[in-house]
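Residue numbers (the numbering used here): 1 to 582. C-beta atoms are modelled at their ideal positions from N, C-alpha and C, and glycine is treated no differently. Shown next, in structure tokens, is the structure this report addresses.
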Amino acid sequence: MPHPLMSRTPRSRHRRWLGTAVTGLAAAALAVTGTAAGASAAPHAAAGAAADVNNAKNPGFESGLSGWTCSAGAGSTVSSPVHGGTSALKATPSGTDQAKCSQTVAVKPNSTYTLSAYVQGSYVYLGASGTGTTDVSTWAPGATTWQQLKTTFTTGPSTTSVTVYTHGWYGQAAYFADDISVFGPDGGGNGDPGDPVPDAPTGLTAGAVTSSSVALSWNPAKYATGYNVYRDGAKVQAVTGTSATVTGLSPATAYRFQVAATNAAGESAKSAEVTATTSPGGGNPGPSVPKHAVTGYWQNFNNGATVQKISDVSDQYDIIAVSFADATTTPGAITFNLDSAGLGGYTVAQFKADIRAKQAAGKNVILSVGGEKGTISVNDSASANNFANSAYALMQEYGFNGVDIDLENGINPTYMSQALRSLSQKAGSKLVITMAPQTIDMQSTQGGYFKTALNIKDILTVVNMQYYNSGSMLGCDGKVYSQGTVDFLTALACIQLEGGLDPSQVGIGVPASTRAAGGGYVSPGVVNNALDCLTKGTGCGSFKPAKTYPSLRGAMTWSTNWDAATGNAWSNAVGPHVHNLP
């Protein structure tokens, strides 16, 4: 969909320089780990020694940046995402600054400490300097979930303080850090009292199962502040309580589960393993799409339009397309990352609850794949399978009713059709599949988009062609029509209506305001005239179709946010008109 999006940080910048640096850091970290492992005579390991503590002050940033110093004013605290408590560090590098945040920590000489932190976001480094022996650091590449960084160091014979720090990398996106720990003998600096690494949880039991989920519960572990849930050896969830429901599973499939306890000192060994098998699959329980429907794209970013939660979207919209899914490093696979910070602290839990509320009100919420800058390629059977599996997993995780295909960088009709059919088999008969091709993509039935639509006609919900940012195009009568007119809408819709799509699979896609697109805006009254022309033969311009299409599906707009910026003028005018079509 040709509209401005938030920029995606290029990963290639500084790649060669960064690779050289991190190779050295990794080697250093390995060397230190080997040294620490052999230091079995460290004083704090002796019998009768005082309990180890977390010597860092304000380790969870619950008191803002108290005790911490961030270079170039790059640091702040946020309420989402957090690993524990209610706050976490957010630090944003620049082209000349790494966003280094540091604290001087009191330690004891000749003692071994474990340095750890939970991080996510772009490249993140964790280290300690001034140890009196070998300074240490470790790092992690970009990640969208919390992961733990951990290393160890041994202080020198006269070392009474060290500097611990986190930093990102030049020009990269912001990183987040939380629950930083310098765990070892009490250095006398009044750090945060800590607990030892917890024991492995016991009593792991599998409870209720569905075709896509398994409920788990276990006994609390002493000193635990959280738990990591593992499925078939891979971490899939982090929770604070003693239960979890693992979703996104395939029907009639056996899975192995384990749980590990965590706190600032580290992670326990994994629990004993349990196996559970999901039940056979059923249909998608989502609401039906009405005969005449209004589709609106909801922006998961802030580009100057009104920032909305899903709950803020006007009730005139029957299908809400969440924009956009993100590509992964696996060909064809997609994921979704809620821009909580850009949306004013909108949490994933709120987002999911709002989706359920919209569905309870009879609406469908789907995930849009692509957009102007979305580069997701499905070009072979493997990537088609990856697309279907990842899309279905996101439907299970967030509650999406289906997908919208808005790929503006080319589409392979053979393998995208294969992917969507595979997704349909997983999700059931109520799967919602929409498309938003550009006008050029639907000029001929030989085009990839048109072929894909015809290939999946039996499971396709609606094609909402984008009648904007187009210039002039041919209508079904062979004449040229300019965007921004009723004739442009009707004569181009006629191509789809006469090219093999059912009228119920055709919708008119327009911008909600003049700011929503570079060109092609028409007033809501022109949209309504085009709908009347196609369904009733009235309100036409110079082009009048040879017949009417009373079952035409309806209209679409980019976006619900731009609509809200004008007081929902578009949906308040077009919505009732669509819903009152014959």
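(request) Count the other C-beta atoms from every protein chain shown that fall within 10 angstroms of the C-beta of Asp-232, then say buried if there are 16 or more, exposed otherwise. (result) exposed
(request) May I ask you to report which of helix, strand or coil DSSP gives Leu-89? (result) strand
(request) Could you tell me which residues DSSP pairs with Phe-176 in its beta bridges? (result) Lys-90, Gln-120
(message) Just to confirm before moving on: does the CB-CB distance between Gly-448 and Ile-495 stay below 8 Å?
(response) no
(message) Does Gln-438 pass the burial test, meaning 16 or more other C-beta atoms within 10 Å, or should it be called exposed?
(response) buried
(request) May I have the straight-line CA-CA distance separating Ala-357 from Phe-336, to the nearest angstrom? (result) 20 Å
(message) Can you tell me whether Asp-477 is helix, strand or coil according to DSSP?
(response) coil
(message) I'd like the span of the alpha helix (DSSP H) that includes His-576, first residue to last.
(response) In the sequence on display, residue 576 carries Pro and not His. Here the alpha helix (DSSP H) through Pro-576 covers 569 to 579.
(request) State buried or exposed for Gln-446, treating a residue as buried only when at least 16 other CB atoms are found within 10 Å of its CB. (result) exposed
(message) Based on DSSP bridge pairs, tell me the residues matched to Phe-257.
(response) Arg-231, Val-274
(request) Consult DSSP for Thr-535 and reduce its assignment to one of helix, strand or coil. (result) helix
(message) Suppose the cutoff is 7 Å on Cβ atoms and the five residues either side in sequence are ignored; what does the same chain contact list for Ala-21 look like?
(response) In this prediction, Ala-21 scores a pLDDT of 35, lower than 50, which makes its location untrustworthy; the coordinate-derived value is nonetheless stated afterwards. There are no such residues.
(request) Decide yes or no for the touch test of the region 180 to 192 against the region 104 to 124: beta carbon pairs closer than 8 Å, at least 3 of them. (result) yes
(request) Go ahead and label Lys-547 buried or exposed: buried means 16 or more other beta carbons lie within 10 angstroms of its beta carbon, across all protein chains shown. (result) exposed
(request) Specify, as a first and last residue, the run of the alpha helix (DSSP H) that Leu-420 falls within. (result) 413 to 427
(request) Give me the Cα-Cα distance between Ala-42 and Asn-110, rounded to the nearest whole angstrom. (result) With a pLDDT of only 32 at Ala-42, under 50, the local geometry of the prediction cannot be trusted, and the value read off the model is given with reservation. Between Ala-42 and Asn-110, the C-alpha separation is close to 7 Å.
(request) Classify Asn-464 as helix, strand or coil using the three-state DSSP reduction. (result) strand
(request) List the whole-angstrom C-beta distance separating Val-119 from Leu-149, where the pair is believed to meet the contact cut-off of C-beta under 8 Å. (result) 6 Å
(request) Assuming Val-162 contacts Ser-102 (C-beta within less than 8 Å), just tell me the rounded distance between them. (result) With 8 Å as the limit, Val-162 and Ser-102 do not qualify as a contact, their Cβ atoms being about 10 Å apart.
(request) Measure the C-alpha to C-alpha separation of Thr-152 and Gly-304 and round it to an integer number of angstroms. (result) 46 Å
(request) Please classify Gln-425: is it buried, with 16 or more other beta-carbons within 10 angstroms of its beta-carbon, or exposed? (result) exposed
(message) In whole angstroms, give me the CA-to-CA distance for Asn-389 and Leu-423.
(response) 7 Å
(message) For Ser-271, count the other beta carbons within 10 Å of its own beta carbon; 16 or more makes it buried, fewer makes it exposed. Which is it?
(response) buried
(message) Measuring only the C-alpha atoms, how far is Thr-131 from Ala-512?
(response) 60 Å
(request) Could you name the residues that DSSP lists as bridge partners for Gln-98? (result) DSSP, once it has assigned bridges, lists no residue as partnering Gln-98.
(request) Locate the alpha helix (DSSP H) running through Ile-319, then write down its first and last residues. (result) Taken as a continuous stretch (DSSP letters only), Ile-319 belongs to no alpha helix (DSSP H), being part of the beta strand (DSSP E) at 319 to 323.
(request) Would you mind sorting Ala-99 into buried or exposed? The rule is 16 or more other CB atoms within 10 Å of its CB. (result) buried
(message) I need the straight-line Cα distance from Ser-211 to Trp-68, nearest angstrom please.
(response) 48 Å
(request) May I have the straight-line CA-CA distance separating Phe-387 from Ala-453, to the nearest angstrom? (result) 17 Å
(message) Here's a check: name, in chain order, each residue in its chain whose Cβ is nearer than 6 Å to the Cβ of Phe-539, leaving out the five neighbours to either side.
(response) Note on residue identity: the sequence assigns Gly, not Phe, to residue 539. Only Asn-529, Asp-532, Cys-533 meet the Cβ criterion.
(request) Tell me where the alpha helix (DSSP H) around Met-395 begins and ends. (result) 381 to 398
(request) For the region 413 to 423 and the region 464 to 476, state whether three or more C-beta atom pairs, one from each stretch, are separated by less than 8 Å. (result) no
(request) Would you mind sorting Arg-647 into buried or exposed? The rule is 16 or more other CB atoms within 10 Å of its CB. (result) Here the chain covers residues 1 to 582 and nothing more, so residue 647 does not appear.
(request) Have a look at the DSSP bridge pairing and note the partners of Ala-293. (result) Gly-554
(request) Return the bridge partner residues of Tyr-113 from the DSSP annotation. (result) Phe-153
(message) On the DSSP bridge list, what partners appear for Leu-126?
(response) Thr-138, Thr-166
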